[in-house]
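Residue numbers (our numbering), protein chains in the order written: chain C, 1 to 183; chain D, 184 to 420.
Where a beta carbon is used, it is the ideal one built from N, C-alpha and C, also for glycine.
Encoded as structure tokens, the structure appears first; notes follow it.
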């Protein structure tokens with residue numbers, strides 16, 4: 001089970017590429033920061049974070065999709081991760097995102113997540129996507145809503161406990177938060 | 184259970200070549216009375232020299248083939264995670280956790296370039312365990328780790344696979360040493376470590392260690408050679 005040829009996605013300001021070993025630094029820093037990572041299964045110490053990062057690489061091999069590293073098109077700096085996530089125990093593929101400090105603001109995360117969602121719909125052919133968000137994670141809810149997702153239900157995640165399921169607009173639906181709006 | 188190796192991706196010619204190259208393992212050579220246990224020419228017959236640049240090496244011993252779960256021709260889902268996959272011995276993982284572990288093992292290969300091999304029984308194509316070097320963050324140094332599945336129990340497969348990996352590590356991959364962290368009460372694994380020529384060192388404690396009360400057992404090329412020479416014929420499989 002090798003890694004698939006991970007597609008590289010480009011937006012106006014960003015390049016989404018497959019994970020590389022050097023991405024572990026910012027991923028570990030993210031997980032070490034409880035204020036940032038509590039909504040993403042954190043905090044994790046460096047050793048636990050390495051397990052997660054390694055699993056996320058294997059996720060690409062197991063599922064054929066996973067988290068891209070979001071990088072600045074101009075500088076290559078990692079700004080966060082986003083992608084489609086469905087380890088065992090997840091009932092359906094989820095659109096997820098994490099902003100590193102350098103990726104906050106300026107609409108970077110919505111630009112990246114939208115590119116990932118567009119790829120998931122148009123290239124992977126997924127019929128639907130959700131984003132599962134911890135209650136109280138207002139920044140993530142704001143991003144989900146900016147992407148046109150709406151609250152659908154509560155869900156008991158086997159790893160994380162109670163989550164809020166936000167449903168993204170289906171591929172066929174008119175895209176109020178579509179690519180055109182953010183290009 | 185049928186073979187976990189994808190036959191569609193592997194033409195017959197390639198399969199036959201693989202079998203030929205792996206037909207005589209270094210372990211078998213020792214058993215046949217090979218005097219110079221350390222002779223590289225003899226030791227290198229257990230892996231495919233024509234494919235030295237292969238990203239994921241395959242090792243073969245008398246009864247086993249060791250293949251990376253990250254190898255494109257290996258179906259980890261079918262081998263480890265299908266509803267009828269045999270269970271690992273002494274592992275309490277639920278299905279979700281096992282999936283995460285297998286994904287982590289595959290990610291380890293991609294990040295380190297080595298990792299746990301899937302151990303495949305050549306006669307059946309069944310996967311019977313995982314054996315290989317393991318070095319997650321927090322480990323003091325790389326560990327030679329082994330995990331058998333129920334289908335591999337009681338046949339000496341763990342020992343055979345460990346010997347095969349040690350031959351590869353010390354002769355092809357150029358490693359000088361590797362340790363195994365073995366719980367003090369695990370007499371079967373201690374016996375296996377001794378049989379492989381490992382020497383006991385200190386008790387260790389480190390983050391995320393798999394069990395309490397671990398002792399470090401050190402494998403080294405010299406210890407291994409002397410250990411092998413002391414082994415009575417027939418003990419090696």
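Worksheet entry | Separation of residue 114/C from residue 167/C, as counted between CA atoms | Along the first chain, one-based indexing puts residue 167/C at 167. Along the first chain, one-based indexing puts residue 114/C at 114. Approximately 14 Å between the Cα atoms of the pair.
Worksheet item: Any C-beta of chain C sitting closer than 8 Å to the C-beta of residue 391/D?
Response: To locate residue 391/D, count along the second chain from 1; it is residue 208. At least one chain C Cβ lies under 8 Å of residue 391/D.
Discussion item. Tell me the DSSP secondary structure of residue 136/C in three-state form.
Written reply: As a position in the first chain, residue 136/C is number 136, starting the count at 1. It is coil, neither helix nor strand.
Discussion item. Determine whether the beta carbon atoms of residue 96/C and residue 80/C lie at a separation below 8 Å.
Written reply: Counting from 1 along the first chain, the entry for residue 96/C is found at position 96. Counting from 1 along the first chain, the entry for residue 80/C is found at position 80. Going by beta carbons, residue 96/C and residue 80/C fall outside the 8 Å limit.
Worksheet item: Hey, would you say residue 302/D sits closer than 8 Å to residue 261/D, going by beta carbons?
Response: As a position in the second chain, residue 302/D is number 119, starting the count at 1. As a position in the second chain, residue 261/D is number 78, starting the count at 1. Going by C-beta atoms, residue 302/D is not nearer than 8 Å to residue 261/D.
Fill in: is_contact[residue 27/C, chain D] using C-beta, thresh 8 Å
For this step, residue 27/C is matched to residue 27 along the first chain. Residue 27/C is outside the set of residues whose beta carbon lies under 8 Å from a beta carbon in chain D.
Worksheet item: What is the DSSP secondary structure of residue 349/D, counted as helix, strand or coil?
Response: Here the question's residue 349/D lines up with position 166 in the second chain. It is helical.
Worksheet entry | Helix, strand or coil at residue 25/C [DSSP, three-state] | Here residue 25/C refers to the residue found at position 25 of the first chain. Residue 25/C: helix per DSSP, three-state reduction.
Worksheet item: Would residue 231/D count as contacting chain C if we go by Cβ distances under 8 Å?
Response: On the second chain, position 48 is the one that residue 231/D refers to. Here residue 231/D scores only 44 on pLDDT, less than 50, and its place in the model is too uncertain to base an answer on.
Worksheet item: Looking only at its own chain, which residues have a Cβ that is under 8 Å from the Cβ of residue 53/C, when we skip the five neighbours before and after it?
Response: For the purposes of this step, residue 53/C is taken as the residue at position 53 of the first chain. 19, 23, 24, 27, 28.
Worksheet item: Checking contacts by CB at 8 Å: is residue 157/C closer than that to chain D?
Response: As a position in the first chain, residue 157/C is number 157, starting the count at 1. By this cut-off, residue 157/C is not an interface position.
Worksheet item: Going by the beta-carbon positions, is the gap between residue 320/D and residue 90/C smaller than 8 Å?
Response: As a working note, residue 320/D is residue 137 in the second chain. As a working note, residue 90/C is residue 90 in the first chain. No. Outside cutoff.
Item to complete: Report the rounded CA-to-CA distance for residue 70/C versus residue 371/D, giving the unit in angstroms.
Response: Counting from one through the first chain, the residue named residue 70/C turns up at place 70. Counting from one through the second chain, the residue named residue 371/D turns up at place 188. Going by the C-alpha atoms only, they are around 47 Å apart.
Worksheet item: Given that residue 352/D touches chain C, what residues does it touch there, using C-beta distances under 7 Å?
Response: As a position in the second chain, residue 352/D is number 169, starting the count at 1. Going along chain C, no residue has its Cβ under 7 Å from residue 352/D, so there is no contact; the nearest lies around 21 Å.
Item to complete: Select from 118/C, 117/C, 57/C, 160/C the residue whose C-alpha is nearest the C-alpha of residue 37/C.
Response: As a working note, residue 37/C is residue 37 in the first chain. Of the candidates 118/C, 117/C, 57/C, 160/C, the one whose C-alpha sits nearest the C-alpha of residue 37/C is 160/C.
Worksheet item: Using a C-beta to C-beta distance shorter than 8 Å, which residues of chain C count as neighbours of residue 282/D?
Response: Here residue 282/D refers to the residue found at position 99 of the second chain. In chain order: 62, 87, 88, 89.
Worksheet item: Since residue 285/D is in the alpha helix (DSSP H), which residue starts that stretch and which ends it?
Response: Position 102 of the second chain, counted from the first residue, corresponds to residue 285/D. Counting along the chain, the unbroken alpha helix (DSSP H) around residue 285/D starts and ends at 278 to 295.
Discussion item. Against residue 57/C, what residues of chain D qualify as contacts under a CB-to-CB distance less than 7 Å, listed in chain order?
Written reply: Position 57 of the first chain, counting from 1, holds the residue named residue 57/C. Per Cβ cutoff of 7 Å: 290, 293, 294.
Worksheet entry | Simplified DSSP state of residue 269/D, which is helix, strand or coil | The residue you call residue 269/D lines up with position 86 of the second chain. If DSSP states are grouped into helix, strand and coil, residue 269/D belongs with coil.
Worksheet item: Do the segment 7 to 15 of chain C and the segment 349 to 363 of chain D meet, that is, are 3 or more Cβ pairs less than 8 Å apart?
Response: no
Worksheet item: When the cut-off is 8 Å and only beta carbons count, does residue 109/C lie next to chain D?
Response: The residue you call residue 109/C lines up with position 109 of the first chain. Residue 109/C does not count as touching chain D.
Practice prompt. Could you tell me whether any Cβ in chain C is nearer than 8 Å to the Cβ of residue 252/D?
Written response: As a position in the second chain, residue 252/D is number 69, starting the count at 1. Answer yes: the Cβ-Cβ gap between residue 252/D and chain C drops below 8 Å somewhere.
Worksheet item: Quick one, are the C-beta atoms of residue 250/D and residue 318/D less than 8 Å apart?
Response: In the second chain, the residue the question calls residue 250/D occupies position 67. In the second chain, the residue the question calls residue 318/D occupies position 135. The answer is no: Cβ separation not under 8 Å.
Worksheet item: chain D partners of residue 146/C, CB-CB under 9 Å?
Response: Against the first chain, residue 146/C aligns to sequence position 146. Under the 9 Å cutoff, chain D gives no residues; its nearest Cβ is about 31 Å from residue 146/C.
Worksheet item: If you draw a straight line from the alpha carbon of residue 292/D to that of residue 369/D, how long is it in whole angstroms?
Response: Along the second chain, one-based indexing puts residue 292/D at 109. Along the second chain, one-based indexing puts residue 369/D at 186. Going by the C-alpha atoms only, they are around 27 Å apart.
Fill in: Burial state of residue 136/C, where buried means 16 or more other Cβ atoms lie within 10 Å
By 1-based counting over the first chain, the position of residue 136/C is 136. Taking all protein chains shown into account, residue 136/C has fewer than 16 neighbouring C-beta atoms within 10 Å of its C-beta and is therefore exposed.
Worksheet item: Where are the alpha helix (DSSP H) runs, 4 residues long or more, that stay fully inside the segment 81 to 144 of chain C, in chain order?
Response: Here the runs fully enclosed are 108 to 122.
Practice prompt. Please go through the segment 307 to 393 of chain D and give each complete alpha helix (DSSP H) segment of 4 or more residues, from N-terminal end onward.
Written response: As for any alpha helix (DSSP H) of minimum length 4 sitting wholly inside the segment 307 to 393 of chain D, the runs are 340 to 350, 370 to 378, ordered along the chain.
Discussion item. Could you tell me the alpha carbon to alpha carbon distance between residue 389/D and residue 10/C, rounded to whole angstroms?
Written reply: Position 206 of the second chain, counted from the first residue, corresponds to residue 389/D. Position 10 of the first chain, counted from the first residue, corresponds to residue 10/C. Residue 389/D and residue 10/C: Cα-Cα distance of roughly 42 Å.
Fill in: Per DSSP, the bridge partner or partners of residue 160/C
Taking the first residue of the first chain as position 1, residue 160/C is located at position 160. According to DSSP, residue 160/C bridges with nothing at all.
Worksheet item: Around the Cβ of residue 39/C, are there at least 16 other Cβ atoms within 10 angstroms (buried) or fewer (exposed)?
Response: Walking along the first chain from the start, residue 39/C turns up at place 39. That one is buried.
Discussion item. Looking at the strands, I want to know which residues DSSP matches up with residue 59/C.
Written reply: Counted from its first residue, the first chain places residue 59/C at position 59. Bridge partners of residue 59/C: none, in fact.
Practice prompt. Under 8 Å by Cβ, that's how I've got residue 309/D and residue 334/D pegged, so tell me the actual separation to the nearest angstrom.
Written response: If you number the second chain from 1, residue 309/D lands on position 126. If you number the second chain from 1, residue 334/D lands on position 151. Indeed, because the Cβ distance is near 6 Å, the residues count as touching under 8 Å.
Worksheet entry | Neighbour list for residue 334/D in chain C, Cβ cutoff strictly below 7 Å | Working through the second chain from its first residue, we reach residue 334/D at position 151. Correct list: empty, because the minimum Cβ distance to chain C is about 20 Å.
Worksheet item: What residues in the segment 11 to 23 of chain C bring their beta carbon closer than 7 Å to a beta carbon of chain D?
Response: 21
Worksheet item: From the beta carbon of residue 5/C, is the nearest beta carbon of chain D less than 8 Å away?
Response: Against the first chain, residue 5/C aligns to sequence position 5. Taking Cβ atoms only, chain D never reaches closer than 8 Å to residue 5/C, which makes this a no.
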